[in-house]
Amino acid sequence: MGLTGFFLITFLIVHCFINSMIFFNDGGETFNHWGHFMGSNLIVRTMELGLFAFLILHIVQGLILWAQNKAARPVRYAMNKAEKNSKWYSRSMGLLGTLILLFLILHLYHFWVPSRFGGMANVQVLETTTLGGYSNQEAHNLYLAMQQVFQNNLLVVIVYVLGVFSLFWHLLHGFQSAFQTFGINHKRYTPIIKGIGVIYTTVICLLFVLMPVSIYMNWIN
Amino acid sequence: MEHYHMNLTLKVWRQKNTKSKGNFDTYKVKDISSEMSFLEMFDVLNEQLIKEGKLPIAFDHDCREGICGMCSMFINGQPHGPWQQNTTCQLHMRAFKDGDTIVVEPWRSQAFPVVRDLMVDRSAFDRVIQAGGYISVNTGNAVDANAIPIDKKKADEAFMAAACIGCGACVAACPNGSAMLFVGAKISQLSLLPQGDPERESRALNMITQMDKEGFGNCTNVYACEAECPKGISVANIARMNKEYLHAGLGTEEN
Ligand code: HEM
Ligand code: SF4
Ligand code: FES
Chain A
179 MGLTGFFLIT
189 FLIVHCFINS
199 MIFFNDGGET
209 FNHWGHFMGS
219 NLIVRTMELG
229 LFAFLILHIV
239 QGLILWAQNK
249 AARPVRYAMN
259 KAEKNSKWYS
269 RSMGLLGTLI
279 LLFLILHLYH
289 FWVPSRFGGM
299 ANVQVLETTT
309 LGGYSNQEAH
319 NLYLAMQQVF
329 QNNLLVVIVY
339 VLGVFSLFWH
349 LLHGFQSAFQ
359 TFGINHKRYT
369 PIIKGIGVIY
379 TTVICLLFVL
389 MPVSIYMNWI
399 N
Chain B
24 MEHYHMNLTL
34 KVWRQKNTKS
44 KGNFDTYKVK
54 DISSEMSFLE
64 MFDVLNEQLI
74 KEGKLPIAFD
84 HDCREGICGM
94 CSMFINGQPH
104 GPWQQNTTCQ
114 LHMRAFKDGD
124 TIVVEPWRSQ
134 AFPVVRDLMV
144 DRSAFDRVIQ
154 AGGYISVNTG
164 NAVDANAIPI
174 DKKKADEAFM
184 AAACIGCGAC
194 VAACPNGSAM
204 LFVGAKISQL
214 SLLPQGDPER
224 ESRALNMITQ
234 MDKEGFGNCT
244 NVYACEAECP
254 KGISVANIAR
264 MNKEYLHAGL
274 GTEEN
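If you're matching them up, the sequences are chains A and B in order.
Residue 179 is where the first sequence starts when you use our numbering, and the numbers rise one by one after that.
Residue 24 is where the second sequence starts when you use our numbering, and the numbers rise one by one after that.
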């Protein structure tokens with residue numbers, strides 16, 4: 179869980195960083211440039227396979243963990259004041275993960291599937307000359323895709339916000355948890371690690387929430 | 024501290040043996056002194072049951088001074104009751120007030136089967152210790168206790184880990200029924216010291232293998248164990264155990 183979790187955490191940094199290019203307010207030019215770079219780069223495409231492998235591994239590990247831990251406590255307490263000894267989100271990692279997974283399916287259907295399997299090519303192909311650097315290649319206008327998904331679509335925006343909300347609590351526990359799993363618990367460094375975890379989680383999730391919200395609200399163009 | 028008396032309603036888990044189903048029974052006790060311990064209150068209740076010709080409630084206890092770890096009771100939703108860093112035998116009735124209803128259950132864990140009523144079988148812990156919780160000692164005369172110099176900080180940490188009384192509250196509190204605080208403490212108290220060094224790798228591997236065999240769950244770092252441990256054992260011991268396991272797993276030729 180820790181190893182795969184770490185990998186997913188690293189992926190989120192890159193993903194969030196590149197998507198944040200939409201906030202440049204340049205009609206998505208910078209974002210599309212980097213989006214194209216990521217989509218057309220063999221190394222990145224290989225890493226994408228790794229990402230899916232790790233995500234699936236993370237989910238499989240999570241399911242095994244869930245099943246084993248449920249079997250270890252077959253009879254539940256009639257009265258359990260768990261809130262006195264632990265955080266609700268620490269106890270709800272499986273539930274939060276499942277919510278993230280449900281969100282991910284919708285998310286992949288929105289962007290990844292059309293971009294990889296052609297649904298996007300018909301409508302949103304950019305001349306790469308306008309992107310600079312890449313000569314005579316076709317690039318998907320992922321920025322336009324974002325606008326089409328979120329503009330005038332309140333329900334989708336709400337689902338995205340809820341998805342990121344689940345991610346927030348999952349990471350709030352997961353970030354520090356992964357260090358403990360690897361045997362790192364230090365009087366001086368652990369409070370710092372926990373602090374970085376809170377900052378990381380807040381920044382990433384805030385940026386991710388802002389993306390659909392600001393497109394819907396027409397804050398960026 | 025103010026001394027007072029109270030009348031209480033108790034909902035206690037009754038179960039004939041490991042196989043039977045079990046259920047809650049409700050009892051009333053009167054005139055309980057705030058200066059009694061929780062177990063003394065149970066003594067009063069059992070006297071009452073015996074007089075009424077009923078079977079007394081079976082519960083474990085031994086030292087009644089917070090050091091043996093026998094008094095496993097899940098009281099009002101918490102192992103060893105509402106007080107922090109405290110055992111059931113050291114829980115005093117001043118933690119409750121007149122008219123309270125108190126729910127008492129046994130530890131709930133696959134690895135700790137209920138023997139009767141509130142008694143559970145914690146011999147799974149013994150088998151984990153047998154799997155690796157020992158050190159090699161030369162035969163012949165006992166060596167001088169201070170012959171090996173030990174860093175004060177390490178000695179302190181080992182001592183703090185050794186404060187674990189094997190009560191099982193960590194397993195009882197953990198939503199996963201994981202024993203990793205207990206096993207982490209037992210591994211730490213030896214691996215931190217030079218005396219424990221020879222078996223360091225096999226100890227980590229063998230104790231963790233046994234822990235899994237007993238049916239304890241896996242740690243997901245919820246940290247309920249640390250919050251409920253009567254001896255304040257730190258989850259840093261779990262991290263140390265994870266590290267020992269990683270080292271041993273990668274480095275050893277044993278399997
Ligand atoms: C964006 C995606 C995700 C990220 C960044 C992420 C990250 C993490 C991290 C860092 C951990 C802690 C590792 C540890 O404690 O050793 C973790 C644990 C866990 N994750 Fe995820 N996760 C993601 C998606 C999912 C999904 C889709 C599921 C689906 C079922 C899931 C289920 C779990 C479970 C059950 C745990 C174990 C509980 C625990 O260790 O406390 N996660 N995750
Ligand atoms: S670690 Fe604490 S709660 Fe667990 S058995 Fe030892 S003393 Fe009891
Ligand atoms: S009876 Fe020994 S610790 Fe409570």
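Every residue gets a Cβ at the ideal spot worked out from N, C-alpha and C, and that includes glycine.
Whole-Å CB distance - residue i paired with residue j, under 8 Å assumed
i	j	result
cysteine 197(B)	glycine 240(B)	7 Å
glutamine 329(A)	tyrosine 394(A)	6 Å
phenylalanine 353(A)	isoleucine 187(A)	7 Å
glycine 104(B)	leucine 114(B)	4 Å
methionine 234(B)	valine 194(B)	At roughly 10 Å, the Cβ-Cβ gap does not stay under 8 Å, so methionine 234(B) and valine 194(B) are not in contact.
leucine 228(B)	alanine 271(B)	5 Å
valine 334(A)	valine 391(A)	Not confirmed; about 11 Å, so no contact.
Coarse secondary structure for residue i, derived from DSSP in three states
i	result
asparagine 314(A)	Low confidence applies here, because asparagine 314(A) scores a pLDDT of 48, under 50, leaving its location unreliable; read the following figure in that light. Coil at asparagine 314(A), not helix or strand.
leucine 309(A)	Confidence at leucine 309(A) is low in this model, with a pLDDT of 49, below 50, so the placement of that residue should be treated as unreliable; the coordinate-derived value is given next. Here leucine 309(A) sits in helix by DSSP.
leucine 181(A)	helix
arginine 269(A)	helix
histidine 211(A)	helix
threonine 110(B)	coil
arginine 139(B)	strand
isoleucine 237(A)	helix
threonine 162(B)	coil
isoleucine 90(B)	coil
proline 252(A)	coil
leucine 186(A)	helix
lysine 266(B)	helix
valine 245(B)	coil
cysteine 53(B)	The sequence given here has lysine at residue 53(B), not cysteine. Residue state, collapsed to three classes: strand.
asparagine 363(A)	coil
serine 257(B)	coil
histidine 348(A)	helix
Between the CA atoms of residue j and residue i - distance to the nearest angstrom
i	j	result
alanine 262(B)	leucine 273(A)	25 Å
glutamate 63(B)	leucine 204(B)	29 Å
asparagine 203(A)	histidine 348(A)	31 Å
methionine 116(B)	threonine 32(B)	13 Å
asparagine 314(A)	tyrosine 321(A)	At asparagine 314(A), the pLDDT of 48 sits below 50, so the modelled position is not reliable and the matter cannot be decided from this model.
threonine 41(B)	methionine 29(B)	34 Å
arginine 269(A)	valine 245(B)	6 Å
glycine 92(B)	serine 60(B)	15 Å
alanine 165(B)	isoleucine 171(B)	13 Å
glycine 255(B)	leucine 277(A)	35 Å
isoleucine 374(A)	tryptophan 397(A)	29 Å
alanine 168(B)	lysine 176(B)	18 Å
Residue i CB to nearest heavy atom of the ligand FES below 7 Å
i	result
cysteine 112(B)	yes
cysteine 86(B)	yes
isoleucine 90(B)	yes
Beta-bridge partners of residue i, as assigned by DSSP
i	result
tryptophan 36(B)	Phe47(B)
serine 60(B)	His115(B)
phenylalanine 97(B)	Pro102(B), Glu128(B)
Interface partners of residue i on chain C, CB under 8 Å
i	result
threonine 188(A)	This model lacks chain C altogether, as its protein chains are A and B.
Residue i: CB within 7 Å of a non-hydrogen atom of the ligand SF4
i	result
cysteine 190(B)	yes
lysine 254(B)	yes
phenylalanine 205(B)	yes
Any non-hydrogen atom of the ligand ADP within 7 Å of residue i CB
i	result
methionine 93(B)	With respect to small molecules bound, the structure shown includes the ligand HEM, the ligand SF4 and the ligand FES and not the ligand ADP.
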